[in-house]
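Just below is one structure, and these are the notes that go with it.
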Amino acid sequence: MTSLHVIVSIVLVIAVAACDLPGRPTQAERRVRPDRVLDGAALFESHCRGCHGEPGRLAPVRDLGDPVFLAVIGEGELRRVVSDGVAGTPMPVFSSAGGGPLTEAQIAALADSIFARWATPKAFESVTLPPYSEADARRAGAQPGDSERGLAVWKDYCAECHGPTGEGGGGALRLDQGSFLALTSDQGLRSIVIAGRPELGMPSWREHEGKPPLTVQQISDVVAWLASLRRPFPGRPHSSGDLAAGAP
Amino acid sequence: MQRLRALYAWFDQRLGLGSFFAETAGHLVPESSGSWFYVFGSATLLCFVIQVLTGICLSLVYVPSAAEAYTSLEYLNYEVPLGWYLRAVHYWGSNFMVALLSVHMAQVFLFGAYKYPRELTWISGCLLFLLTLGMAFTGQILRWDQDAYWGVGIGMSIAGRTPFLGEPLVHAVLGGPIIGAATLSRFFALHVFVLVGLIIAVITLHLRLVLRSGISEYPDPDQPVDRATYHARYEDLIRRTGVPFFPNAIAKDLVFGALVILAILGAAAVFGPNGPNGPPDPTLIHTSPRPDFYFLPLFAVFALLPPYTETVLMLVGPVIGIALLFAVPFLDRSGQRNPLRRPVACLAVILVFLVLGSLAYLGETSPWSPEMDAWNGLPLPESAVAGRSPLQLVGAAVFQNKQCRNCHALGGTGGARGPSLDDVAARLSGDQLIRQVLRGGGNMPAYAKQLTPPEVTALVAWMETLHPAYEPPTHEKTWRRKKP
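Line by line, the protein sequences give chains F and C.
Residue numbers for the first sequence follow our numbering, so the first one is 5 and each next one is one higher.
Residue numbers for the second sequence follow our numbering, so the first one is -16 and each next one is one higher.
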């Protein structure tokens, strides 16, 4: 009788120890110092999703899951942008060296996971991609972007949707607003012209219906033209009335 | 058998075991006190015993040094077989102990059992209550995670405001002016030696008093307490209806005790241990440190008090509260004990539990503290992005970048410190939005220095689109927009 009891309790204890009771803390619940998180997917969720959104979902800023964009930018450039941010735009600096929250190793893990999950390099093996940056375009032999030639490209390719001078109209909203241009870098404009914003209905460089893909030169030119619309003092200045009542 | 009996007789002669048993377990109690209402005290004692046992086991692994406490808990959680369960039982045991003790006090209060001649029993019970809270507080500090670090900080900032005594007090508890290596050792000593010793001493006194004045009879509305006749009546009651505490009256305690043990073991198995919630490194921001549930009401009060009342209320409030608790048997000495005839007492208990409950709820949700990492983690709801112009979209990115979401919810997610902005454009015009952002006000920081003119323009252009389809934006725009 007693030996039976002993055996039963030993078996019970072992069973309890072995099976996963719901309260048992899992490794996933274990707190990790924020600077030691190396799970790229988790980093994307905690640091990028707020602006860039989940792939395929509408978000304020471009979808980082867009394979065309990933093929154009490449992993090295992406890491650089994430580390340094884009000055003057809402894209923050992320490297801890620059005062951001992520270490080099974390940025590498994040970039790896973005490319591992969403890039489709096979699909672009036979596609000649436009160079990501203006500097790369120059290295590839293009002339500096020219806004006059750019206006011609605009009229050809963009005006039907954005209006003859970017003031909106044919389906897409206006682009000539000083504040929009002030908060978007030249590279940002260039990336939009190349990769489009598929989730918004903005076509990529090779998707303009009934027209050949934009050439490297045309891309540089149209970006130069958009950049020439920037105003010296964009936005409504803070007036003294707004700042009255003791505030700075 | 003969031998054993002789052995027992030898010890009994010297220790008086038989009469000790007869006086304690065997003493007569009124039959009416063998009620389900009378089981909470013994259940609290049971919890204490569980805490002592599990606590001893924990102390075999726990290292009370600032450098290793956290690691030793992680070791228990993840390496020692069932170590997590031990932690969980100790944690849930403490929750149950505080809860059952509160219920026990409420029951004693409602049944008027603190009245003559049991005033001292009540007072020793109040002491036990304070000591138990002390155990809960020091125990939560021993976890030595971010919550603990923060808990000591708050506790000490209250203590530090005491006039004259404040600074030496803080010094004594922390082992220095700031939370340091000595702090944890002090809390460890308090938790495992000082407070436990005091509790055992006061429990002994409490039980002694219970035995001496007898367990109170079930309150009979027709028999109010009268100091002149109470003793005679109680003795008469015992003579007529007395039953030995063991085994008659204790039966229900045992059943309830078994249920409590099952509940603790079950809660520990299902909900597991608490934390440890992140290493106590002050350079790492923890989203929202919170005390364990028993201190949530206090946490909420401190957060909600207007700052200028804090010092006074923090120092005076608890003193008055505790003084009132101790004074109960002197404010209300005799008379009616039946709760149904004491509406004020019933209302007081309901009020206290309601207030504590709602404060604890507020403490748990803590709408006043910004959610520090809402901005980059939470995507914007699609309804706040769909169909917006490029300018408005970049405005939404500015909104995320400036971490407005820490205080403002959108689509049900985000902080609750400021109002939700889902339909802000139906409330405010573009002008008012600009003013609110630049000047802040009402607990919102002014952003004029942090935002460039294009950022404000984009931000406001986007916020102007935040209105439900059925409610158009406000049109009282006083400012004619210049060409943007």
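Positions of the beta carbon are idealized from the N, C-alpha and C atoms, including for glycine.
At the C-beta level, residue 44 of chain F and residue 155 of chain F stay beyond 7 Å of one another.
Contact residues of the region 43 to 61 of chain C toward chain F are 57, 60 and 61 (C-beta to C-beta distance below 8 Å). Nearest CB-CB separation between residue 221 of chain F and chain C: not below the 7 Å threshold. Taking a contact as a CB-CB distance under 8 Å, the pair residue 207 of chain C and residue 90 of chain C does not count as one, their CB atoms being some 19 Å apart. Following the DSSP letters along the chain, one finds residue 83 of chain F inside the alpha helix (DSSP H) bounded by residues 71 to 88. Residues of the region 430 to 455 of chain C with a C-beta less than 9 Å from any C-beta of chain F: 431, 432, 434, 435, 436, 437, 438, 439, 440, 441, 443, 444 and 445, listed in chain order. Residue state for residue 437 of chain C is assigned as helix, using DSSP reduced to three classes. In the DSSP assignment, the residues bridged to residue 201 of chain F are F:206. Fully enclosed alpha helix (DSSP H) runs of no fewer than 4 residues occupy 129 to 142, 149 to 157 and 164 to 172 of the region 129 to 174 of chain C, in order along the chain.
For residue 149 of chain F, the closest of F:232, F:235, F:58 and F:228 by C-alpha to C-alpha distance is F:228. A check of alpha carbon separations from residue 57 of chain C across C:190, C:205 and C:261 identifies C:261 as the nearest. Proximity of residue 257 of chain C to chain F, defined by a Cβ-Cβ separation below 7 Å, is not satisfied. About 4 Å separates the Cβ atoms of residue 192 of chain C and residue 104 of chain C, confirming a contact at the 8 Å cut-off.
Per DSSP, the beta-bridge partners of residue 396 of chain C are C:393. Residue contact check for residue 50 of chain F against chain C: a CB pair falls below 7 Å. The way I'd put it, the region 202 to 218 of chain F doesn't touch the region -5 to 12 of chain C; fewer than three beta-carbon pairs between them come closer than 8 Å. Judged by DSSP in its simplified three-state form, residue 259 of chain C adopts coil rather than helix or strand. DSSP places residue 45 of chain C in no alpha helix (DSSP H); its state is neither H nor E.
In the three-state scheme derived from DSSP, where H, G and I count as helix and E and B as strand, residue 199 of chain C is classed as coil. Put simply, the region 77 to 95 of chain F touches the region 105 to 124 of chain F. At least three CB pairs are less than 8 Å apart. Here residue 230 of chain C is exposed, its C-beta having fewer than 16 other C-beta atoms within 10 Å. Within the region 300 to 359 of chain C, complete alpha helix (DSSP H) segments of at least 4 residues are found at 326 to 348, given in chain order. Annotation: residue 285 of chain C to residue 180 of chain F spans about 51 Å, alpha carbon to alpha carbon. Straight through space, the alpha carbons of residue 50 of chain F and residue 124 of chain F are spaced by roughly 24 Å. Counting along the chain, residue 136 of chain F sits inside no alpha helix (DSSP H), nor does DSSP assign it H or E at all. Sixteen is the threshold: since fewer than 16 other Cβ atoms of the shown chains lie within 10 Å of the Cβ of residue -9 of chain C, the residue is exposed.
Nothing from the region 72 to 90 of chain C brings a Cβ to less than 7 Å from some Cβ of chain F. DSSP places residue 2 of chain C in the helix class (H, G or I) of the three-state scheme. Burial check for residue 56 of chain F: the Cβ neighbour count within 10 Å reaches 16 or more, so the residue is buried. Taking 7 Å as the threshold, the shortest C-beta distance from residue 261 of chain C to chain F falls below it. Taking a 10 Å sphere around the C-beta of residue 78 of chain C, we find 16 or more other C-beta atoms and assign the residue as buried.
Residue 54 of chain F places its beta carbon less than 7 Å from that of residue 383 of chain C.
Under the three-state reduction of DSSP, residue 17 of chain C is assigned to coil, being neither helix nor strand. Secondary structure of residue 42 of chain F (DSSP, three-state): coil. CA-to-CA, the gap between residue 11 of chain F and residue 15 of chain C works out to about 43 Å. By the CB criterion at 7 Å, residue 81 of chain C and residue 277 of chain C fall inside the cutoff.
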